[in-house]
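Inspection log for the structure reproduced underneath, given as structure tokens.
Chains as they are written, first to last, in the working numbering: chain A, 5 to 167; chain B, 62 to 475.
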């Protein structure tokens with residue numbers, strides 16, 4: 005329990021009111037940030053000597069389909085020092101969703117952000133190499149968006165020509 | 062018609078250190094070769110585009126997605142129980158530990174816990190499958206660098222483990238053994254005896270393995286000092302599992318955030334500081350030894366009791382009961398048709414798999430299907446460090462490095 009209090013105190017010290025929402029569902033600490041605060045807060049979390057969130061374990065997104073802020077970018081970061089992880093959420097608008105890339109803070113976020121871009125079409129600004137991860141480069145759809153059918157779209161990936 | 066087979070952007074990344082160069086200029090004195098996806102040493106369908114100067118690798122660009130089956134999309138259209146067989150197909154060298162990870166992740170979301178005997182059975186099968194995964198890793202790795210005997214020996218031992226799987230799960234390979242709230246069938250006395258016999262023999266077999274490889278001058282020579290990943294780089298790239306521990310970071314989820322009953326177990330976390338291919342091999346060998354140690358403790362301590370939780374609204378009833386009792390039939394009908402309906406919220410749960418940290422991130426909106434499932438697969442994250450290890454090495458070392466990372470593409474491509 006203490007590390008969550010420590011974390012919230014530290015973040016409040018860093019900038020008053022930076023944590024828009026804090027949830028603790030099933031003992032998973034999760035904070036919601038405004039998009040413009042993402043990079044400063046991540047840099048702080050990584051470099052603060054009491055926290056040291058050195059590893060970015062995962063980056064993904066959630067498509068809420070019907071909400072006003074349609075997408076939420078989700079980051080899981082881990083601290084060896086506290087032996088615990090933290091989830092950071094950033095709500096993004098539905099039209100041309102974009103958010104600053106955290107690759108400047110955690111190099112390892114590179115592929116995770118590429119995967120999220122591939123699957124949700126979220127643009128990570130400042131990413132060094134934002135190509136698709138799994139799908140072919142010219143694929144027009146974003147498969148994990150809710151409007152994409154589970155069965156796929158026939159003909160969206162043409163077979164190579166025989167000659 | 063869109064051109065999906067265009068590699069223009071990929072080549073740009075390959076040449077990114079000199080922005081002025083074109084591919085034709087580069088080809089004057091360098092070579093761009095395509096390794097994979099159909100290459101025996103890439104452990105599946107990993108494609109690497111290598112830029113070579115003579116025999117030295119200048120740049121490496123991995124391309125994934127040849128085995129992308131869209132499991133995360135499929136999970137959104139399935140109930141929580143239906144997805145269990147798909148977890149077999151993630152890391153197919155150690156199917157049981159994926160089953161365990163998934164069941165535990167769903168149980169965390171539901172807020173339920175399996176009975177103690179079921180948890181012990183899960184630990185046993187997770188450790189057996191760790192041995193199984195490492196056997197494949199060591200065997201194919203040794204084969205890739207020329208010691209072909211090893212793969213035959215390790216697969217012979219793997220067969221014996223699959224016999225144990227056959228006994229407890231009824232399948233040798235795609236086990237789908239765990240259920241939400243417990244396990245499918247009991248780990249009975251015959252299985253315990255089989256496992257004990259296997260372990261007694263296996264101790265000596267491991268000695269033989271080590272005798273064969275650790276004194277093999279070619280094997281050591283091809284691995285020592287190759288593909289060094291420093292501690293800082295390993296952490297920065299998010300590498301986990303044996304690859305991280307070979308770089309000198311003592312991080313094992315079984316120790317750092319104990320799940321199941323790992324806090325009651327006596328075992329060491331092997332750590333090497335060299336960070337080269339040889340260290341990654343040694344970590345795996347030592348981990349197999351530690352798993353044997355854990356298994357012996359588990360088999361002695363396994364408690365009696367139920368193997369599946371008695372929570373009719375959340376846990377599927379046994380098939381025999383469905384045919385004989387009305388209320389079980391109703392519960393079965395409700396769970397199969399409407400799902401287990403976890404509360405609204407999101408959870409992340411991860412376990413230490415043979416390849417590294419396997420995590421499941423669920424977002425639930427209260428219905429029977431997950432609103433979102435994200436699989437944090439260790440092979441995917443470990444492969445990210447591949448260019449860092451390969452650049453500056455010889456082309457023949459690339460094969461050794463891939464083998465030492467031990468990626469499974471079923472998991473990396475999801």
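By construction, the Cβ of each residue, glycine as well, lies at the ideal position given by its N, Cα and C atoms.
Apply the 10 Å Cβ neighbour rule to residue i and answer buried if 16 or more other Cβ atoms are within range, or exposed otherwise.
i	result
residue 62(B)	Residue confidence for residue 62(B) is low, a pLDDT of 48 falling below 50, so the modelled location carries little weight and cannot support an answer.
residue 38(A)	exposed
residue 444(B)	buried
residue 71(A)	exposed
residue 313(B)	buried
residue 114(B)	exposed
residue 352(B)	buried
residue 101(B)	exposed
residue 386(B)	exposed
residue 391(B)	exposed
residue 404(B)	exposed
residue 364(B)	exposed
residue 164(A)	exposed
Per DSSP, what kind of secondary structure is residue i in: helix, strand or coil?
i	result
residue 80(A)	strand
residue 471(B)	helix
residue 413(B)	strand
residue 362(B)	helix
residue 328(B)	coil
residue 22(A)	coil
residue 399(B)	helix
residue 71(A)	coil
residue 441(B)	helix
residue 62(B)	Confidence at residue 62(B) is low in this model, with a pLDDT of 48, below 50, so its placement is unreliable and the value that follows should be read with caution. Residue state, collapsed to three classes: coil.
residue 424(B)	strand
residue 135(A)	coil
residue 434(B)	strand
residue 337(B)	coil
residue 455(B)	strand
residue 120(B)	strand
residue 65(A)	strand
residue 10(A)	helix
residue 268(B)	helix
residue 293(B)	helix
residue 406(B)	strand
Which residues mark the beginning and the end of the alpha helix (DSSP H) in which residue i is found?
i	result
residue 248(B)	First-last for residue 248(B): undefined, no H or E at that position.
residue 123(A)	113–124
residue 227(B)	209–230
residue 114(B)	Where residue 114(B) is concerned, there is no enclosing alpha helix (DSSP H), although the beta strand (DSSP E) it sits in stretches over 108–114.
Starting from residue i and walking both ways along the beta strand (DSSP E), at which residues does that stretch end?
i	result
residue 128(A)	127–129
residue 102(A)	102–104
residue 88(A)	88–96
residue 34(A)	34–37
residue 92(B)	92–96
Q | Touch test, the segment 371–389 of chain B against the segment 309–328 of chain B, Cβ-Cβ under 8 Å, three pairs minimum | A | no
Q) Closer than 8 Å, Cβ to any Cβ of chain A: which residues of the segment 103–135 of chain B, in chain order? A) 125, 126, 129, 131, 133, 134, 135
Q: Determine which residues of the segment 10–28 of chain A have a Cβ less than 9 Å from any Cβ of chain B, and write them out in chain order.
A: 27
Q) Taking three-plus beta-carbon pairs below 8 Å as touching, is the segment 50–57 of chain A in contact with the segment 79–86 of chain A? A) yes
Q | Under 9 Å (Cβ pairs) to chain B, residues found in the segment 110–126 of chain A | A | 110, 111, 112, 113, 114, 115, 116, 119, 122, 123
Q: Taking 8 Å as the threshold, find out whether the segment 255–263 of chain B comes into contact with the segment 273–285 of chain B through three or more Cβ pairs.
A: no
Q.
Taking beta-carbon pairs under 8 Å, can you tell me which members of the segment 59–74 of chain A lie near chain B?
A. 59, 60, 61, 62, 64, 66, 67
Q. Can at least three beta-carbon pairs, one atom from the segment 159–176 of chain B and one from the segment 298–305 of chain B, be found at a separation below 8 Å?
A. no
Q.
Tell me which residues of the segment 432–445 of chain B have at least one Cβ-Cβ distance to chain A shorter than 9 Å, keeping chain order.
A. 432, 433, 435, 437, 441, 442, 444, 445
Q) What residues from the segment 122–152 of chain A come within 9 Å of chain B, judged by C-beta to C-beta, listed N to C? A) 122, 123, 132, 133, 135, 136, 137, 138, 139, 140, 141, 142, 143, 144, 147, 148, 150, 152
Q: Can you give me, in chain order, the residues of the segment 411–422 of chain B that have a beta carbon less than 9 Å from any beta carbon in chain A?
A: 411, 418, 420, 422
Q) Of the residues that make up the segment 281–305 of chain B, which ones have a beta carbon closer than 7 Å to any beta carbon in chain A? A) 296, 297, 298, 299
**Q.** Against chain B: residues of the segment 28–47 of chain A by CB proximity under 7 Å
**A.** 29, 30, 32
Q) Which residues, in chain order, does the segment 155–183 of chain B contribute to contact with chain A at a C-beta distance below 9 Å? A) 169, 170, 172
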